[in-house]
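Notes follow once the structure below has been shown.
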Amino acid sequence: MQSDGEQTVRFGGSDPVDRPLGRSIKRGLTCRCPACGEGRLFRAFLKPVDHCSVCGEDISHHRADDLPAYLVIVVVGHVLMTGYMLTDMILRVSPWVHLAIWAPLAVLAAIATIQPIKGGVIGLQWANRMHGFGGGEDGTDSTSGPSNRPN
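As structure tokens, this is what we get:
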């Protein structure tokens with residue numbers, strides 16, 4: 000609850016266009032542009048496009064970094080560990096059999112989920128106007144010289 004003197008702080012400028020969080024993440028999970036939902040989000044397996052081919056939205060300044068990998072580890076780890084434990088309760092087999100089953104499943108599940116999860120993270124950043132998606136640069140000061148951002 001806000002008191003009389005407090006105002007909501009919106010980062011990334013004062014763009015009046017609403018960016019619904021759920022819709023943006025869903026569009027990212029389907030590997031589509033979070034702005035229009037039509038254009039492709041990736042030009043290669045994990046390499047996002049610079050600009051949407053449909054609406055022209057600039058995607059080049061996203062910073063997904065390691066969050067998609069951490070989310071894949073959490074999701075795949077919980078799903079596969081549950082499967083392993085349920086299977087181990089029903090079928091008593093050698094640890095080598097479990098290794099032969101669950102290791103390839105872990106690799107396949109990680110490969111299958113990394114791109115949609117990265118798209119969802121990009122959609123999250125776009126909806127919250129993070130890392131330049133709000134129209135301005137985050138964390139740069141015009142008097143401090145060049146930024147440390149990689150090219």
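Numbering of the sequence shown is given in numbering that gives the first Met the number 0, commencing with residue 0 and proceeding in unit increments.
Note that CB positions come from ideal geometry on N, CA and C, so glycine has one too.
As the structure is a computational prediction, the values presented were derived from the model and not from experiment.
{"query": "Going by beta carbon distance, what residues of the same chain come within less than 6 angstroms of Gly38, once the five residues before and after it are set aside?", "result": "Cys32, Cys51, Ser52 and Val53"}
{"query": "Taking buried to mean at least 16 other C-beta atoms within 10 Å of its own C-beta, is Ala63 buried or exposed?", "result": "buried"}
{"query": "Any idea if His77 is buried or exposed, counting beta-carbon neighbours within 10 angstroms, 16 or more meaning buried?", "result": "exposed"}
{"query": "Report yes if the C-beta distance between Ala109 and Val75 is below 8 angstroms; otherwise report no.", "result": "yes"}
{"query": "In three-state DSSP terms, what is Phe132?", "result": "coil"}
{"query": "Less than 6 angstroms between C-beta atoms, sequence neighbours within five positions excluded: which residues of the same chain meet that for Gly59?", "result": "Checking the sequence, you will find Ser at residue 59 rather than Gly. Cβ neighbours of Ser59 beyond the five flanking positions: Asp49."}
{"query": "With a CB to CB cut of under 6 angstroms and the five nearest residues on each side skipped, what residues in its chain are close to Ile24?", "result": "Gly119, Gly122 and Leu123"}
{"query": "Mind checking Ile89: buried by the 16 CB within 10 Å criterion, or exposed?", "result": "exposed"}
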